[in-house]
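J.: Residue numbers (the numbering used here): 2 to 437.
The beta carbon of each residue, even a glycine, is placed where N, CA and C say it ideally should be.
Owing to the predicted nature of the structure, the values given are computational and were not obtained by experimental measurement.
(1) Rounded C-beta distance between residue 202 and residue 61? I'm assuming under 8 Å.
(2) Taking the alpha carbon of residue 144 as the point to measure from, which residue in 290, 176, 242, 49 has its own alpha carbon closest?
(3) Which same chain residues, not among the five before or five after residue 263, have their C-beta less than 6 Å away from its C-beta?
(4) What separation, rounded to the nearest whole angstrom, lies between the Cα atoms of residue 234 and residue 53?
(5) Who are the near neighbours of residue 97 in its chain, counting only those whose CB is closer than 8 Å to its CB and skipping five residues on each side?
(6) Let's test the definition: count the other Cβ atoms within 10 Å of the Cβ of residue 240 and tell me whether it reaches 16, buried, or not, exposed.
(7) Do residue 339 and residue 370 have their CB atoms nearer than 8 Å?
(8) To the nearest angstrom, report how far apart residue 64 and residue 238 are at their CA atoms.
(9) So, for residue 415: in the same chain, excluding its five sequence neighbours on each side, which residues have a beta-carbon less than 7 Å away from its beta-carbon?
(10) Could you pull out every residue in the same chain whose Cβ sits closer than 8 Å to the Cβ of residue 17, ignoring the five residues on either side in sequence?
(11) Name the two residues that bound the continuous beta strand (DSSP E) containing residue 337.
(12) Along the chain, where does the beta strand (DSSP E) containing residue 384 start, and where does it finish?
(13) For residue 395, which option in 91, 377, 402 has the closest C-alpha, if you only look at C-alpha atoms?
(14) Report the rounded CA-to-CA distance for residue 127 versus residue 165, giving the unit in angstroms.
(15) Kindly list the residues whose CB is nearer than 8 Å to the CB of residue 348, restricted to its own chain and excluding five residues on each side of it in sequence; keep chain order.
(16) Which value, in whole angstroms, describes the spacing of the CA atoms of residue 368 and residue 329?
(17) Whole angstroms is fine: what's the gap from residue 55's alpha carbon to residue 320's?
(18) Within a Cβ cutoff of 6 Å, which residues of the same chain sit near residue 431, ignoring the five residues on either side of it in sequence?
(19) Report the residue ranges of all beta strand (DSSP E) runs contained in full by the segment 303 to 372; include only those spanning at least 3 residues, in chain order.
(20) Please report the Cβ distance between residue 250 and residue 265, rounded to the nearest whole angstrom; I am assuming they are in contact, meaning their Cβ atoms lie under 8 Å.
(21) Look up residue 85 in the DSSP assignment and say whether it is helix, strand or coil.
(22) Sort 343, 163, 180, 211 by Cα distance to residue 381 and report the nearest one.
(23) So, is residue 102 buried or exposed, given that buried needs 16 or more other C-beta atoms within 10 angstroms?
(24) Given residue 289, which residues of its chain have a CB within under 6 Å of its CB, disregarding the five upstream and five downstream residues?
(25) Buried or exposed for residue 1, going by 16 or more other Cβ atoms inside 10 Å?
(26) Tell me whether the beta-carbon of residue 187 lies closer than 8 Å to the beta-carbon of residue 125.
(27) Since I believe residue 156 is in contact with residue 141 (beta carbons under 8 Å), could you give me their beta-carbon distance rounded to a whole number of angstroms?
(28) Thinking just about the alpha-carbon of each residue, which of 160, 136, 255, 375 is nearest to the one in residue 180?
(29) Tell me the rounded alpha-carbon separation between residue 30 and residue 221.
(30) To the nearest angstrom, how far is the alpha carbon of residue 204 from that of residue 350?
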């Protein structure tokens, strides 16, 4: 398997969700409250920091020469400021303030309140530059938490440069006063009107800003490919690749439900909101369900507990589909290539959800899916009495044209959606002892 090609494919196809880490920065990134000791508590906080740092690094290296070109001819505007003029009036007399002071101004020579025009660099385009620099510094600041590497060294150097820029002219006197979206519109308007005085440099900046504020829903395929290049400018490790594959599977599940006729009622929300909200809410022929990402199963439903602390043994499926009638579809993504049609280790882990959280499946059958990398068209089903099902499905490592993952996931979600009402399907239901 060519690992670089594999990760590149999954990054490209998962961009609609991955990019939400960039354009939703105003949302606080918090790990899901998993309520389990020592089980992946901070993985997605770390991943959020890592991917945003990679994005900032790739964009920042392109931003440096653009900013230097802007500084050689940065735009300015005039603003009216209040001042004092002694002896003679220099500027325009501030008549309301002068009349208010009349009779109390007894100094000599006399002091007159005046209004004068003063050049300032606080134009919309410069405010957008400063706001972007501040964002970049925040993203790069996470570099100190990662192990020593060429990537980390570049990040720290770029972080130092960004801080120096924010404390140098003219940026130290520029304060963003409006939202980035509004500043961008105003800057684009001024550029079209040729009001910046440095159209080539500011034009490059606004073109670059499209990559910085990337939104897959508003971008072209070429822009998406450019962003992939930025994110993979440095070789990714297993941690990065594993998290990307999980998000890719999440994207595939959402798309499968849509292809099967489900409609998105709310979302998809940014991944940074996963701790408190489902990624999206969907409806299908009046039936409503939610898709959660990295959401812990309810600890109150757990049968097994740690003896010393009485804390519940938890479980965190990568993806949980939860219907308004209580039915669930649990999905785990494992970025490992398999060449056989069985995976006992991961299958027994999936069965562990059923054993530990048996109360969640007393009135609904247990449905699960395990997603792997496979070039041998992996698709295998394990079933038991009571309509319990676990499906193993493989995704081609690097070629989407021959990958059957989407079609097989469509089959699974279609059958999950078409289950009979549970009061009919599970009449006389009992969990078989051999699964417990």
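T.: Let's see:
(1) Wrong, their Cβ atoms sit about 17 Å apart, outside the cutoff.
(2) 49
(3) 283, 285
(4) 13 Å
(5) none
(6) exposed
(7) no
(8) 25 Å
(9) 261
(10) 217, 218, 252, 269
(11) 329 to 338
(12) 380 to 385
(13) 377
(14) 16 Å
(15) 371, 383, 391, 393
(16) 7 Å
(17) 25 Å
(18) Since pLDDT at residue 431 reaches only 39, below the 50 mark, its modelled position is unreliable, and the value read off the structure follows with that caveat. None.
(19) 320 to 324, 329 to 338
(20) Rounded, the Cβ-Cβ distance is 18 Å, inconsistent with contact.
(21) strand
(22) 343
(23) exposed
(24) 325
(25) Outside the modelled stretch of the chain, which goes from 2 to 437, sits residue 1, for which no answer is possible.
(26) yes
(27) 5 Å
(28) 136
(29) Its pLDDT being 31, under 50, residue 30 is placed unreliably in this model, and the coordinates cannot settle the point.
(30) 54 Å
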